[in-house]
Amino acid sequence: MSTTEPRGLFLTFEGLDGSGKTTQMHLLAERLRHAGRRVLVTVEPGGTAIGAKIRSILLDRSHAGLTPEAELLLYFASRAQNIDEVILPALARGEIVLSDRFADSTLVYQGFGRGLGEEAVRAVERVACRGLKPHLTVYLEIDLETALERARARNQAAGGRETRMDEQSAEFYRRVAEGYRILIGREPERFRVIDGRRTPEKVAEDVWHAVAPVVGADSD
Ligand code: TMP
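Below, the structure written as structure tokens:
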């Protein structure tokens, strides 16, 4: 399927674990719908029935033996399915698609964090995403300490579910954060960097002001 010139808008949310991006994405979706826009919300890994199964393989704490290469391919397998089944059809209908993570996550977590390197990730991205890129990416910035604290709290609250990535070392997250900084430095026009350490209401205001002009809504 060709990914050329979809009519809608594709916006993604990125950040370290615990940056609040999921909450913010849903708040934005609500506000956009309120402004009369048609919005589709999706999540990675996941987003489809097949993607949800892939997600449970990826985040299962008993899968410590999953190799970095297998992990890379699974994230993109989930994404390829999501693109064809959910994202492209919504864009073709002219909707605003909001995705909780996308290919930037794989670049920073697997490419930088796991050390697979950017080339390997880009090679699989070409196959899986076929040129689909977000029009705009909201990056919620939090410091490493906050990310680790929130990840551990979430880890406990989940009662052992979906904890495989949360159990990574501080060094892993340091590389992930550095990876994000590199991507943002390269594409400052695509990324909107927002301080995620404040209250959800304050962060949501900044997200709205960053996104409203792009979607043609009144930013007041
Ligand atoms: P979440 O916290 O946004 O639900 O994401 C689940 C975990 O999956 C999180 O630790 C980040 C990780 N992840 C990757 O390592 N690579 C990817 O491509 C994606 C989408 C997520």
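Residues 920 to 1139 in this note's numbering are what the sequence shown lists, from first letter to last.
Glycine is no exception: its CB is placed at the ideal position from the N, C-alpha and C atoms.
None of the values given here were measured: they were computed from a predicted structure.
Cutoff 6 Å; reference residue i; Cβ partners in own chain excluding five residues on either side
| i | result |
| --- | --- |
| R956 | I1015 |
| V962 | D1019 |
| V960 | A948, L1017 |
For residue i, three-class secondary structure by DSSP
| i | result |
| --- | --- |
| F929 | strand |
| E1060 | strand |
| A961 | Checking the displayed sequence, the identity of residue 961 turns out to be Thr instead of Ala. It is a strand residue. |
| R1117 | coil |
| S1018 | strand |
| S921 | Because the pLDDT of S921 is 46, which lies under 50, any placement of that residue in the model is unreliable, and the question is left without a value. |
| V1130 | helix |
| G1104 | helix |
| G1098 | helix |
| L951 | helix |
| R1093 | helix |
| R956 | coil |
| A1136 | coil |
| L1067 | helix |
| R1049 | coil |
| Q1087 | coil |
According to DSSP, residues forming a beta bridge with residue i
| i | result |
| --- | --- |
| T942 | The partner list for T942 (beta bridge, DSSP) is empty, contrary to what the question assumes. |
| R1111 | V1057 |
| G934 | L1059 |
Own chain partners of residue i with C-beta closer than 7 Å, once the 5 adjacent residues on each side are dropped
| i | result |
| --- | --- |
| V1043 | L991, L992, F995 |
| F1091 | G1032 |
| L1026 | E1037, V1040, G1098, L1102 |
| A873 | Outside the modelled stretch of the chain, which goes from 920 to 1139, sits residue 873, for which no answer is possible. |
| E926 | Looking at the sequence itself, residue 926 is Arg, so the reference to Glu does not match. Within the same chain, R926 has close Cβ partners L1010, A1011, G1013. |
| R952 | V958 |
| I973 | P964, L993, A996, S997 |
| M920 | Here the model assigns M920 a pLDDT of 44, short of 50, so the residue's position is not dependable and the matter cannot be decided. |
Own chain residues within Cβ distance below 8 Å of residue i, not counting five before or after
| i | result |
| --- | --- |
| Q1087 | G1032 |
| R1093 | L1063 |
| S1024 | E933, E963, Y994 |
**Q.** Validate contact between the region 1047 to 1064 and the region 1105 to 1113 using beta carbons, cut 8 Å, 3 pairs
**A.** The region 1047 to 1064, when compared against the region 1105 to 1113, does touch it at the 8 Å Cβ threshold.
Q | Inter-stretch contact (C-beta, 8 Å, three-pair minimum) for the region 967 to 975 and the region 1097 to 1105 | A | Between the region 967 to 975 and the region 1097 to 1105 there are fewer than three inter-stretch CB-CB distances shorter than 8 Å, so the stretches are not counted as touching.
Q.
Between the region 979 to 986 and the region 996 to 1013, can you find at least three pairs of beta-carbon atoms closer than 8 Å?
A. Pairwise C-beta distances place the region 996 to 1013 out of contact with the region 979 to 986, as fewer than three of them are shorter than 8 Å.
Q | Runs of beta strand (DSSP E) wholly within the region 962 to 1040 (minimum 3 residues, chain order) | A | The region 962 to 1040 contains, as complete beta strand (DSSP E) runs of 3+ residues, the segments 1015 to 1019 (chain order).
Q. Counting Cβ pairs closer than 8 Å, one from the region 1114 to 1133 and one from the region 1066 to 1076, do we hit at least three?
A. Contact between the region 1114 to 1133 and the region 1066 to 1076 is absent: fewer than three C-beta pairs spanning the two stretches fall below 8 Å.
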